[in-house]
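With the numbering used here applied, the sequence shown covers 1 to 398.
The C-beta atom is built at its ideal place from N, Cα and C for all residues, glycine as well.
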Amino acid sequence: MKNPEWAEDVKAESDARTDEAQQEGEQKRHLVLTPASKVRIRPVRWLWDTTPEGAPPTSHGRIPLYSLVLAAGGPGLGKSQYGVWMTARITTGTLPGELWGQPRGVIYAATEDSWEFTIAPRLVAAGADLDLVFRIDVQDDGQLHARLTLPMDTSLLGQAAEAYSVALLVADPLLSLIDKGINDYRAAEVRQALEPLVSIAERYHFTILGLAHFTKAGVADPLSRIAGSGAFGQLIRSFIAFAREDTEDGEQRFVMSLEKNNLGRLGLPSHSYVIQPVTVDTDEGPSYVSRFVLGPETNTSVRDVMREESVPAGDRAESDEVRMWLRDYLTDLGGSAENADVMKDAEKRKYSRPTIYRAKTKLGLITRQSGFGKDRKSIWYLPEAAPTDEPAKPDDTH
1 MKNPEWAEDV
11 KAESDARTDE
21 AQQEGEQKRH
31 LVLTPASKVR
41 IRPVRWLWDT
51 TPEGAPPTSH
61 GRIPLYSLVL
71 AAGGPGLGKS
81 QYGVWMTARI
91 TTGTLPGELW
101 GQPRGVIYAA
111 TEDSWEFTIA
121 PRLVAAGADL
131 DLVFRIDVQD
141 DGQLHARLTL
151 PMDTSLLGQA
161 AEAYSVALLV
171 ADPLLSLIDK
181 GINDYRAAEV
191 RQALEPLVSI
201 AERYHFTILG
211 LAHFTKAGVA
221 DPLSRIAGSG
231 AFGQLIRSFI
241 AFAREDTEDG
251 EQRFVMSLEK
261 NNLGRLGLPS
271 HSYVIQPVTV
281 DTDEGPSYVS
291 RFVLGPETNT
301 SVRDVMREES
311 VPAGDRAESD
321 EVRMWLRDYL
331 TDLGGSAENA
341 DVMKDAEKRK
351 YSRPTIYRAK
361 TKLGLITRQS
371 GFGKDRKSIW
381 YLPEAAPTDE
391 PAKPDDTH
(Lines of atoms letter the chains of each structure in order from A and count residues from 1; the text may use other names and numbers.)
(Lines give C-alpha, C1' and ligand atoms only; values in the text may rest on other atoms or scores of the structure.)
Protein backbone atom coordinates (compact mmCIF):
# COMPACT_ATOMS: atom_id res chain seq x y z
CA MET A 1 0.00 0.00 0.00
CA LYS A 2 1.38 3.38 -1.01
CA ASN A 3 2.07 5.89 1.78
CA PRO A 4 -0.19 8.98 1.76
CA GLU A 5 1.35 12.23 0.53
CA TRP A 6 1.45 13.73 4.04
CA ALA A 7 3.50 10.74 5.24
CA GLU A 8 5.99 11.23 2.44
CA ASP A 9 6.29 14.93 3.35
CA VAL A 10 6.94 14.06 7.04
CA LYS A 11 9.58 11.53 6.09
CA ALA A 12 11.30 14.02 3.78
CA GLU A 13 11.33 16.69 6.50
CA SER A 14 12.66 14.17 9.03
CA ASP A 15 15.42 13.09 6.67
CA ALA A 16 16.36 16.71 6.07
CA ARG A 17 16.61 17.37 9.80
CA THR A 18 18.73 14.25 10.28
CA ASP A 19 21.10 15.33 7.51
CA GLU A 20 21.31 18.82 9.02
CA ALA A 21 22.03 17.40 12.49
CA GLN A 22 24.70 15.12 11.10
CA GLN A 23 26.30 18.03 9.31
CA GLU A 24 26.26 20.10 12.51
CA GLY A 25 27.70 17.18 14.44
CA GLU A 26 30.44 16.76 11.88
CA GLN A 27 31.23 20.46 12.17
CA LYS A 28 31.48 20.24 15.97
CA ARG A 29 33.49 17.01 16.01
CA HIS A 30 36.41 16.97 13.63
CA LEU A 31 40.01 15.81 13.42
CA VAL A 32 42.98 18.09 13.94
CA LEU A 33 46.40 17.03 12.63
CA THR A 34 49.45 18.67 14.18
CA PRO A 35 52.90 18.20 12.63
CA ALA A 36 55.53 16.83 14.99
CA SER A 37 57.62 19.92 14.27
CA LYS A 38 55.07 21.97 16.23
CA VAL A 39 55.31 19.78 19.35
CA ARG A 40 57.38 21.31 22.14
CA ILE A 41 59.94 18.72 23.23
CA ARG A 42 60.54 18.72 26.98
CA PRO A 43 62.76 16.66 29.30
CA VAL A 44 61.24 14.39 31.93
CA ARG A 45 61.41 15.87 35.42
CA TRP A 46 61.88 13.57 38.38
CA LEU A 47 60.41 13.65 41.86
CA TRP A 48 63.00 11.08 43.00
CA ASP A 49 66.34 11.04 41.24
CA THR A 50 69.29 9.01 42.55
CA THR A 51 71.78 9.98 39.85
CA PRO A 52 75.29 9.72 41.34
CA GLU A 53 77.89 12.41 40.95
CA GLY A 54 79.63 12.20 37.59
CA ALA A 55 76.79 10.34 35.81
CA PRO A 56 74.69 12.00 33.07
CA PRO A 57 72.05 14.30 34.62
CA THR A 58 68.75 12.59 35.53
CA SER A 59 70.05 9.25 34.23
CA HIS A 60 68.92 7.56 37.46
CA GLY A 61 65.44 9.05 37.68
CA ARG A 62 63.09 6.71 39.54
CA ILE A 63 59.77 8.52 40.06
CA PRO A 64 58.63 11.00 37.37
CA LEU A 65 56.72 14.09 38.39
CA TYR A 66 52.93 14.28 37.99
CA SER A 67 52.46 10.58 37.29
CA LEU A 68 50.96 7.48 38.89
CA VAL A 69 53.58 5.35 40.60
CA LEU A 70 52.94 2.01 42.26
CA ALA A 71 54.85 0.51 45.19
CA ALA A 72 53.96 -3.12 45.91
CA GLY A 73 55.10 -6.05 47.98
CA GLY A 74 53.98 -8.83 50.26
CA PRO A 75 52.81 -8.36 53.87
CA GLY A 76 55.33 -7.12 56.41
CA LEU A 77 57.80 -5.73 53.85
CA GLY A 78 57.52 -2.06 54.83
CA LYS A 79 55.44 -0.62 51.96
CA SER A 80 53.55 1.73 54.27
CA GLN A 81 56.78 2.73 56.02
CA TYR A 82 58.20 3.55 52.60
CA GLY A 83 55.17 5.78 51.91
CA VAL A 84 55.86 7.56 55.21
CA TRP A 85 59.56 7.86 54.30
CA MET A 86 58.64 9.52 51.01
CA THR A 87 56.25 11.82 52.85
CA ALA A 88 58.98 12.86 55.28
CA ARG A 89 61.44 13.55 52.48
CA ILE A 90 58.93 15.65 50.50
CA THR A 91 57.79 17.71 53.50
CA THR A 92 61.36 18.48 54.52
CA GLY A 93 62.74 19.06 51.02
CA THR A 94 65.29 16.25 51.40
CA LEU A 95 64.28 13.92 48.55
CA PRO A 96 66.93 13.96 45.79
CA GLY A 97 65.19 15.26 42.69
CA GLU A 98 63.27 18.22 41.35
CA LEU A 99 61.97 19.30 44.77
CA TRP A 100 65.26 19.11 46.66
CA GLY A 101 65.36 22.01 49.11
CA GLN A 102 61.69 22.87 48.47
CA PRO A 103 59.45 21.44 51.22
CA ARG A 104 55.95 20.73 49.92
CA GLY A 105 52.69 19.33 51.22
CA VAL A 106 51.57 15.69 51.10
CA ILE A 107 48.07 14.24 51.26
CA TYR A 108 48.19 10.87 53.02
CA ALA A 109 45.04 8.87 52.24
CA ALA A 110 45.12 5.70 54.36
CA THR A 111 42.28 3.29 54.96
CA GLU A 112 43.90 0.38 56.79
CA ASP A 113 45.98 2.02 59.55
CA SER A 114 45.00 4.28 62.44
CA TRP A 115 46.23 7.87 62.33
CA GLU A 116 46.45 8.14 66.10
CA PHE A 117 48.22 4.85 66.79
CA THR A 118 50.21 4.20 63.62
CA ILE A 119 50.45 6.84 60.90
CA ALA A 120 51.14 9.97 62.99
CA PRO A 121 53.76 8.23 65.19
CA ARG A 122 55.44 6.84 62.06
CA LEU A 123 55.57 10.33 60.60
CA VAL A 124 57.26 11.57 63.75
CA ALA A 125 59.72 8.67 63.65
CA ALA A 126 60.55 9.43 60.01
CA GLY A 127 61.17 13.12 60.73
CA ALA A 128 58.28 14.50 58.66
CA ASP A 129 57.04 18.08 58.97
CA LEU A 130 53.60 17.34 60.44
CA ASP A 131 52.27 20.75 59.41
CA LEU A 132 52.69 19.73 55.77
CA VAL A 133 51.09 16.28 56.01
CA PHE A 134 47.32 16.23 55.53
CA ARG A 135 44.83 13.57 56.47
CA ILE A 136 41.92 13.68 54.07
CA ASP A 137 38.28 13.29 55.11
CA VAL A 138 35.09 13.77 53.15
CA GLN A 139 32.38 16.01 54.56
CA ASP A 140 28.89 15.20 53.29
CA ASP A 141 25.66 16.72 54.65
CA GLY A 142 27.72 18.47 57.32
CA GLN A 143 29.07 15.19 58.70
CA LEU A 144 32.51 13.55 58.34
CA HIS A 145 31.12 10.12 57.61
CA ALA A 146 31.94 9.56 53.93
CA ARG A 147 35.26 8.28 52.61
CA LEU A 148 37.37 9.51 49.71
CA THR A 149 36.05 7.70 46.64
CA LEU A 150 37.42 7.53 43.11
CA PRO A 151 36.40 8.66 40.58
CA MET A 152 33.63 10.57 42.43
CA ASP A 153 35.94 12.87 44.41
CA THR A 154 38.64 13.32 41.79
CA SER A 155 37.91 16.98 41.04
CA LEU A 156 37.67 17.87 44.73
CA LEU A 157 40.97 16.13 45.31
CA GLY A 158 42.67 18.19 42.61
CA GLN A 159 41.30 21.43 44.02
CA ALA A 160 42.49 20.52 47.52
CA ALA A 161 45.96 19.63 46.20
CA GLU A 162 46.23 23.01 44.51
CA ALA A 163 44.97 24.93 47.55
CA TYR A 164 47.54 23.33 49.88
CA SER A 165 50.47 23.21 47.40
CA VAL A 166 50.54 19.42 47.55
CA ALA A 167 53.34 17.63 45.70
CA LEU A 168 52.44 14.04 46.59
CA LEU A 169 49.34 11.95 47.21
CA VAL A 170 50.01 8.71 49.06
CA ALA A 171 47.16 6.21 48.57
CA ASP A 172 47.54 3.38 51.09
CA PRO A 173 46.36 1.11 49.54
CA LEU A 174 45.29 2.50 46.17
CA LEU A 175 42.55 -0.05 45.49
CA SER A 176 40.74 0.89 48.71
CA LEU A 177 39.98 4.36 47.29
CA ILE A 178 38.16 3.01 44.24
CA ASP A 179 34.36 3.00 44.36
CA LYS A 180 33.04 -0.27 45.76
CA GLY A 181 30.76 -0.62 42.76
CA ILE A 182 33.79 -1.03 40.51
CA ASN A 183 35.18 -4.52 40.00
CA ASP A 184 38.91 -4.08 40.58
CA TYR A 185 39.65 -7.25 38.62
CA ARG A 186 38.27 -5.70 35.44
CA ALA A 187 40.91 -3.59 33.75
CA ALA A 188 38.45 -1.37 31.89
CA GLU A 189 36.61 -0.41 35.08
CA VAL A 190 39.80 0.33 36.99
CA ARG A 191 41.06 2.52 34.15
CA GLN A 192 37.80 4.48 34.19
CA ALA A 193 38.31 5.12 37.91
CA LEU A 194 42.00 6.03 37.78
CA GLU A 195 42.47 7.81 34.45
CA PRO A 196 40.71 10.96 35.73
CA LEU A 197 43.02 10.92 38.76
CA VAL A 198 46.09 10.80 36.51
CA SER A 199 44.71 13.71 34.49
CA ILE A 200 44.07 15.73 37.64
CA ALA A 201 47.62 15.02 38.87
CA GLU A 202 49.04 16.41 35.64
CA ARG A 203 46.75 19.45 35.78
CA TYR A 204 47.44 20.34 39.42
CA HIS A 205 51.09 19.22 39.46
CA PHE A 206 51.23 16.46 42.06
CA THR A 207 52.49 12.88 41.95
CA ILE A 208 50.52 9.82 43.07
CA LEU A 209 52.21 7.07 45.07
CA GLY A 210 49.80 4.14 45.22
CA LEU A 211 50.60 1.25 47.54
CA ALA A 212 49.48 -2.26 46.59
CA HIS A 213 49.73 -5.84 47.82
CA PHE A 214 51.26 -8.85 46.10
CA THR A 215 49.23 -12.00 45.63
CA LYS A 216 50.58 -15.35 46.81
CA ALA A 217 51.00 -16.63 43.26
CA GLY A 218 54.46 -18.06 42.68
CA VAL A 219 55.28 -16.23 39.46
CA ALA A 220 58.63 -14.44 39.17
CA ASP A 221 57.30 -11.29 37.46
CA PRO A 222 56.67 -8.62 40.13
CA LEU A 223 54.18 -6.67 38.02
CA SER A 224 51.97 -9.72 37.50
CA ARG A 225 51.93 -10.34 41.25
CA ILE A 226 50.03 -7.13 42.03
CA ALA A 227 46.69 -7.85 43.66
CA GLY A 228 43.79 -6.45 41.69
CA SER A 229 43.69 -5.55 38.04
CA GLY A 230 46.10 -5.73 35.15
CA ALA A 231 45.08 -2.15 34.36
CA PHE A 232 47.86 -0.94 36.65
CA GLY A 233 50.44 -2.05 34.11
CA GLN A 234 48.93 0.30 31.54
CA LEU A 235 48.49 3.33 33.80
CA ILE A 236 51.58 3.48 35.96
CA ARG A 237 54.78 5.16 34.81
CA SER A 238 57.01 3.69 37.50
CA PHE A 239 56.79 0.55 39.62
CA ILE A 240 58.76 -0.09 42.79
CA ALA A 241 58.71 -3.60 44.25
CA PHE A 242 59.71 -4.91 47.67
CA ALA A 243 60.94 -8.35 48.72
CA ARG A 244 62.78 -10.19 51.48
CA GLU A 245 65.56 -12.67 50.80
CA ASP A 246 67.42 -15.16 52.93
CA THR A 247 71.16 -14.53 52.99
CA GLU A 248 73.92 -17.13 53.13
CA ASP A 249 74.53 -16.50 56.82
CA GLY A 250 70.90 -17.28 57.68
CA GLU A 251 69.84 -13.66 58.05
CA GLN A 252 67.08 -11.89 56.14
CA ARG A 253 67.58 -8.85 53.96
CA PHE A 254 65.02 -6.46 52.48
CA VAL A 255 65.40 -5.49 48.82
CA MET A 256 63.70 -2.69 46.86
CA SER A 257 63.85 -2.57 43.03
CA LEU A 258 62.61 -0.34 40.26
CA GLU A 259 60.79 -2.89 38.10
CA LYS A 260 59.15 -0.51 35.61
CA ASN A 261 60.26 2.91 34.40
CA ASN A 262 58.37 4.07 31.31
CA LEU A 263 60.01 7.50 31.18
CA GLY A 264 63.54 6.61 32.21
CA ARG A 265 66.13 3.86 32.41
CA LEU A 266 65.47 0.34 33.54
CA GLY A 267 68.22 -1.70 35.12
CA LEU A 268 69.00 0.88 37.80
CA PRO A 269 70.64 -0.54 40.92
CA SER A 270 68.38 -2.03 43.57
CA HIS A 271 68.62 -0.91 47.18
CA SER A 272 68.69 -2.82 50.40
CA TYR A 273 66.70 -1.33 53.26
CA VAL A 274 65.82 -2.03 56.87
CA ILE A 275 62.68 -1.61 58.93
CA GLN A 276 63.94 -0.06 62.15
CA PRO A 277 61.99 -0.14 65.42
CA VAL A 278 61.46 3.31 66.94
CA THR A 279 59.92 4.53 70.19
CA VAL A 280 57.94 7.77 69.94
CA ASP A 281 57.07 9.66 73.11
CA THR A 282 53.47 10.80 73.51
CA ASP A 283 51.53 12.57 76.26
CA GLU A 284 50.06 9.20 77.24
CA GLY A 285 53.24 7.15 77.15
CA PRO A 286 55.55 5.59 74.55
CA SER A 287 54.34 4.51 71.12
CA TYR A 288 56.26 1.68 69.47
CA VAL A 289 56.43 1.98 65.69
CA SER A 290 58.89 1.35 62.88
CA ARG A 291 60.50 3.36 60.11
CA PHE A 292 61.96 2.71 56.68
CA VAL A 293 65.72 3.28 56.32
CA LEU A 294 67.16 3.22 52.81
CA GLY A 295 70.35 1.20 52.59
CA PRO A 296 73.17 0.80 50.05
CA GLU A 297 72.81 -0.44 46.49
CA THR A 298 72.71 -4.18 45.90
CA ASN A 299 73.08 -6.45 42.87
CA THR A 300 70.05 -8.51 43.92
CA SER A 301 66.69 -7.42 42.52
CA VAL A 302 63.16 -8.27 43.63
CA ARG A 303 62.80 -10.28 40.43
CA ASP A 304 65.87 -12.32 41.45
CA VAL A 305 64.34 -13.02 44.84
CA MET A 306 61.03 -14.10 43.29
CA ARG A 307 62.83 -16.28 40.78
CA GLU A 308 64.67 -17.99 43.63
CA GLU A 309 61.43 -18.46 45.57
CA SER A 310 59.81 -20.14 42.57
CA VAL A 311 62.55 -22.79 42.44
CA PRO A 312 61.46 -26.12 44.06
CA ALA A 313 63.02 -26.86 47.44
CA GLY A 314 65.27 -29.61 46.04
CA ASP A 315 66.57 -27.37 43.27
CA ARG A 316 67.08 -24.59 45.81
CA ALA A 317 69.38 -26.85 47.83
CA GLU A 318 71.31 -27.56 44.63
CA SER A 319 71.50 -23.80 43.98
CA ASP A 320 73.11 -23.30 47.38
CA GLU A 321 75.62 -26.02 46.59
CA VAL A 322 76.41 -24.52 43.18
CA ARG A 323 76.75 -21.03 44.65
CA MET A 324 79.35 -22.24 47.16
CA TRP A 325 81.20 -24.14 44.42
CA LEU A 326 81.22 -21.14 42.07
CA ARG A 327 82.53 -18.80 44.73
CA ASP A 328 85.30 -21.26 45.72
CA TYR A 329 86.13 -21.92 42.05
CA LEU A 330 86.67 -18.22 41.31
CA THR A 331 88.52 -17.65 44.59
CA ASP A 332 90.99 -20.43 43.76
CA LEU A 333 91.66 -18.75 40.40
CA GLY A 334 92.34 -15.36 41.92
CA GLY A 335 88.79 -14.04 41.74
CA SER A 336 87.98 -14.43 38.06
CA ALA A 337 87.59 -16.93 35.23
CA GLU A 338 86.37 -17.14 31.64
CA ASN A 339 82.69 -17.94 31.26
CA ALA A 340 83.54 -20.86 28.96
CA ASP A 341 85.88 -22.43 31.53
CA VAL A 342 83.27 -22.05 34.27
CA MET A 343 80.69 -23.84 32.15
CA LYS A 344 83.06 -26.68 31.23
CA ASP A 345 83.82 -27.39 34.87
CA ALA A 346 80.12 -27.10 35.77
CA GLU A 347 79.16 -29.66 33.10
CA LYS A 348 81.62 -32.15 34.57
CA ARG A 349 79.81 -31.79 37.88
CA LYS A 350 76.37 -32.12 36.23
CA TYR A 351 75.35 -28.57 37.20
CA SER A 352 72.71 -27.08 34.91
CA ARG A 353 73.19 -23.72 33.18
CA PRO A 354 70.10 -22.11 34.82
CA THR A 355 71.49 -23.08 38.22
CA ILE A 356 74.87 -21.59 37.33
CA TYR A 357 73.29 -18.29 36.29
CA ARG A 358 71.18 -18.14 39.45
CA ALA A 359 74.37 -18.60 41.45
CA LYS A 360 76.06 -15.89 39.39
CA THR A 361 73.27 -13.44 40.18
CA LYS A 362 73.18 -14.39 43.83
CA LEU A 363 76.91 -13.81 44.19
CA GLY A 364 76.69 -10.48 42.33
CA LEU A 365 79.39 -11.46 39.86
CA ILE A 366 80.70 -8.81 37.49
CA THR A 367 80.98 -9.58 33.77
CA ARG A 368 83.57 -7.94 31.53
CA GLN A 369 83.98 -8.52 27.80
CA SER A 370 87.26 -8.48 25.90
CA GLY A 371 88.27 -9.06 22.28
CA PHE A 372 86.15 -9.22 19.13
CA GLY A 373 84.66 -11.89 16.92
CA LYS A 374 86.14 -15.34 17.52
CA ASP A 375 88.54 -13.86 20.07
CA ARG A 376 85.74 -12.38 22.17
CA LYS A 377 85.84 -13.54 25.80
CA SER A 378 83.53 -13.10 28.74
CA ILE A 379 85.19 -12.94 32.14
CA TRP A 380 83.34 -13.44 35.43
CA TYR A 381 84.72 -11.60 38.48
CA LEU A 382 83.91 -11.76 42.15
CA PRO A 383 82.82 -8.20 43.10
CA GLU A 384 85.93 -7.60 45.19
CA ALA A 385 88.20 -8.77 42.34
CA ALA A 386 86.70 -6.75 39.48
CA PRO A 387 89.01 -4.22 37.78
CA THR A 388 88.47 -0.66 38.94
CA ASP A 389 89.33 1.09 35.68
CA GLU A 390 85.61 1.31 34.82
CA PRO A 391 82.39 1.14 36.85
CA ALA A 392 81.65 -2.44 37.82
CA LYS A 393 78.17 -3.53 36.81
CA PRO A 394 76.59 -6.96 37.04
CA ASP A 395 75.67 -8.41 33.65
CA ASP A 396 72.52 -10.53 33.55
CA THR A 397 72.90 -11.60 29.93
CA HIS A 398 73.15 -15.35 29.60
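In the three-state reduction of the DSSP assignment, Lys-377 falls in the strand class, which pools E and B. Put simply, the backbone Cα of Ser-301 is about 23 Å away from that of Pro-56. Beyond the five residues adjoining it in sequence on each side, Leu-223 comes within less than 7 Å, by CB distance, of Gly-233, Phe-239, Glu-259 and Lys-260 in the same chain, given in chain order. Pairwise C-beta distances place the segment 175–191 out of contact with the segment 30–38, as fewer than three of them are shorter than 8 Å. Between Val-322 and the set Arg-353, Leu-156 and Gly-295, the nearest pair of CA atoms involves Arg-353. In summary, Thr-331 is exposed, with fewer than 16 beta-carbon neighbours lying within 10 Å of its beta-carbon over all protein chains present. Using a Cβ distance threshold of 8 Å, Val-106 and Thr-92 do not count as a contacting pair. A check of alpha carbon separations from Gly-73 across Tyr-351, Gln-369 and Val-255 identifies Val-255 as the nearest. DSSP places Asp-281 in the strand class (E or B) of the three-state scheme.
When rounded, the separation of the alpha-carbon atoms in Ile-275 and Gly-76 is 10 Å. Inter-segment contact for the segment 147–161 and the segment 203–211 is present: three or more beta-carbon pairs are separated by less than 8 Å. Residue environment for Glu-308: buried (at least 16 other C-beta atoms within 10 angstroms of its C-beta).
About 5 Å separates the beta carbons of Ile-208 and Leu-68, which is inside the 8 Å limit, making them a contact pair. Here the alpha carbon of Ser-270 sits roughly 29 Å from the alpha carbon of Thr-279. In the DSSP secondary-structure assignment, Gly-61 is bridged to Asp-49. Here Pro-286 carries a strand assignment [DSSP, helix/strand/coil]. The C-alpha of Ala-337 is placed about 9 Å away from the C-alpha of Ser-378.
In this structure Asp-129 is not in contact with Pro-96, their Cβ atoms being roughly 18 Å apart against a cut-off of 8 Å.
In this structure, Val-133 sits away from Arg-147, with a CB-CB distance that is not shorter than 8 Å.
Distance between Asp-179 and Gly-78, taken at the CA atoms: about 26 Å.
Val-124 has its alpha-carbon roughly 18 Å from the corresponding atom of Leu-169.
Val-32 carries a coil assignment under DSSP once its states are collapsed to helix, strand and coil. Residues Ala-187, Val-190 and Arg-191 of the same chain have their beta carbon placed closer than 6 Å to that of Ala-231, with the five preceding and five following residues left out of the count. Counting every other CB atom within 10 Å of its CB across the protein chains shown gives Gln-81 a total of 16 or more, marking it as buried. In this structure Leu-194 touches Leu-150 by the C-beta definition: roughly 7 Å separates them, less than 8 Å. With respect to Gly-334, Glu-384 sits apart: the two C-beta atoms are not nearer than 8 Å.
Under the three-state reduction of DSSP output, Leu-77 falls in the coil class, being neither helix nor strand.
Here the alpha carbon of Lys-348 sits roughly 11 Å from the alpha carbon of Asp-341.
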